[in-house]
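Novice: According to the working numbering, the sequence shown is numbered sequentially starting from 12.
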Amino acid sequence: MITNDEGANEIVGHDAVDEPKQEVKAAVALKPKEPVKADEEETDENERSLRQRGKKKTKDLDFTVDIPEDWASDLEKVVESSYKKYRNILNKQKKLYMERLKNADEIPSRILADIAGLRSFNRDDKKSPTPEFEKWLVVNVLFDSEKQTDVLRESLEWSYAESVETVGTIALAEIAPKMNFDMLNATLLRWIFESANRSAKLIQGVTDNDVLMSLWDVVYEGQYSIPKLSEALEEAYGFSEGRANTIARTEVITAGRAGQYYSDVQSGMVIGKKWRAANQERTREAHRVADGKVVALDEPFIVDGEKLMFPGDRSMDASGKNCINCRCWYKRILEGEDME
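This is the structure:
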């Protein structure tokens, strides 16, 4: 546990201001990992289908920020640099796990026999991984998920700080050119630390789940061999460039929106916000419904029954289905303007 001042120095090199009494946790103890829920997967239906068919996921990289604000083009540069960081992290994880597979204990024959029994009982209904297989995988490959989560968290903190400062500086200058955006604000730093920790656990959880299911597909089909398992990891969506791109766009754009929100708070001139949906082919139905909703600046939007201070915000426990790859934004409402 570190204080806000220690956390601020880690990110921006200075003490925090207005430090609250409660300490900021830059990293919290991780609970045993639970299975990743379907609405938290970082893949769309087509991507899941490709992985299930055992085909390599390919995807054109996209660094665009489809938000009609002056800061969008600056944020695209952060998306691209962040993508390179996450791509490298995923590549290193893949190589590490493949090396561990080479040195792994053989899957006990009794586990393989149990799997063969499941397969012969009903080939058309693929069963979920058995607890014994999951245990073998954790012991031999996924035994340091907490360490991998910490690596992600550190990169996320960098991405968040870069994104928040980039957008916050530009957004504040638009309405209060004589004010300087305060990156040392304690509430803002808390958002960065807590959001990075939350997203790191989610991202690593999805990776672990994808490794589990990719290897399970091979073993369940009776094709168990180390080369076959390694090939499955090589093809897994969890380590693909497409996923690194999705992580970068989701996390950087969300942090950029946070920069806008906290700049609006610091200005003292913004009284409300209006949700604006991208209204593209893949826009979520709940986000189309939310389009045009107006709330006070310090109140959350309610979207699909979940609370978000701004699009993409998870600080109030919004789920992945409301946030991942979201292209929405909000329009600020200034003092003297109608709340409509």
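We treat Cβ as the ideally placed atom computed from N, Cα and C, and that holds for glycine. Keep in mind that this is a model prediction, so the values were computed, not measured.
Here's a check: name, in chain order, each residue in its chain whose Cβ is nearer than 7 Å to the Cβ of VAL162, leaving out the five neighbours to either side.
Specialist: The answer, listed in chain order, is ILE100.
Novice: Kindly examine the ligand SAM and report whether one of its heavy atoms sits closer than 8 Å to the Cβ of PHE250.
Specialist: For the ligand SAM, the structure offers nothing, since it holds no ligand at all.
Novice: What is the DSSP secondary structure of THR54, counted as helix, strand or coil?
Specialist: Because THR54 carries a pLDDT of 38, less than 50, the predicted location of this residue cannot be relied on, and the following value inherits that uncertainty. If DSSP states are grouped into helix, strand and coil, THR54 belongs with coil.
Novice: Under 9 Å, do GLY270 and ALA182 count as touching if we go by C-beta distance?
Specialist: Yes.
Novice: If ASN256 sits next to TYR94, beta carbons under 8 Å apart, how far is it from one beta carbon to the other, in whole angstroms?
Specialist: 6 Å
Novice: Alpha carbon to alpha carbon, how far is LYS96 from PHE132?
Specialist: Computed Cα separation, rounded: 45 Å.
Novice: MET350: buried (16+ other C-beta within 10 angstroms of its C-beta) or exposed?
Specialist: exposed
Novice: State the Cα-Cα distance for the pair ARG343 and PRO311, rounded to the nearest angstrom.
Specialist: 14 Å
Novice: Three or more C-beta pairs under 8 Å: does that hold for the stretch 331 to 339 against the stretch 279 to 295?
Specialist: yes
Novice: Please state whether DSSP places TRP286 in a helix, a strand or coil.
Specialist: strand
Novice: Provide the residue(s) that pair with PHE312 in DSSP beta bridges, ordered along the chain.
Specialist: LEU319
Novice: By alpha-carbon positions, which one of ILE214, GLY233, GLY216, LEU240 ends up nearest to SER225?
Specialist: LEU240
Novice: Would you identify the three-state DSSP class for ARG201, choosing helix, strand or coil?
Specialist: helix
Novice: Check whether the stretch 166 to 179 touches the stretch 134 to 145, counting contact only when three or more Cβ pairs, one atom from each stretch, lie closer than 8 Å.
Specialist: no
Novice: Do you know how far the Cα of ASP116 is from the Cα of SER330?
Specialist: 37 Å
Novice: Any idea which residues DSSP pairs ALA307 with across the strands?
Specialist: GLY283
Novice: In the DSSP assignment, find the alpha helix (DSSP H) that holds LEU244 and state where it starts and stops.
Specialist: 237 to 246
Novice: Compare the Cα-Cα distances from TRP147 to each of ALA127, SER120, PRO79, GLY347 and report the closest residue.
Specialist: Taking only the C-alpha atoms, the option nearest TRP147 is SER120.
Novice: Just verifying my parser: in three-state terms, what is the DSSP assignment at TRP82?
Specialist: Three-state DSSP puts TRP82 in coil, outside helix and strand.
Novice: For ILE282, collect the residues of the same chain with a Cβ closer than 8 Å to its Cβ; drop the 5 residues on either side in sequence, then sort them by chain order.
Specialist: For ILE282, where only same-chain residues beyond five positions count, the Cβ hits under 8 Å are ALA307, LEU308, ILE344, LEU345, GLU346, GLU348, MET350.
Novice: What three-state label does DSSP hand ILE344 in the structure shown?
Specialist: Correct three-state label for ILE344: strand.
Novice: For ALA83, collect the residues of the same chain with a Cβ closer than 6 Å to its Cβ; drop the 5 residues on either side in sequence, then sort them by chain order.
Specialist: VAL76
Novice: Along the chain, where does the alpha helix (DSSP H) containing PRO142 start, and where does it finish?
Specialist: 142 to 151
Novice: Name the two residues that bound the continuous alpha helix (DSSP H) containing GLY253.
Specialist: 252 to 278
Novice: Mind checking ASP275: buried by the 16 CB within 10 Å criterion, or exposed?
Specialist: buried
Novice: Please confirm whether LEU112 and VAL152 have their CB atoms less than 9 Å apart.
Specialist: yes
Novice: Can you tell me whether DSSP reads MET350 as helix, strand or coil?
Specialist: Coil.
Novice: Can you give the beta carbon distance from VAL89 to SER206, rounded, assuming they're within the 8 Å contact cut?
Specialist: That pair is no contact at about 15 Å.
Novice: So is GLN234 buried or exposed if we call it buried at 16+ other beta carbons inside 10 Å?
Specialist: Its Cβ having fewer than 16 others within 10 Å, GLN234 is exposed.
Novice: By how many angstroms is the C-alpha of PRO238 removed from the C-alpha of ARG268?
Specialist: 44 Å
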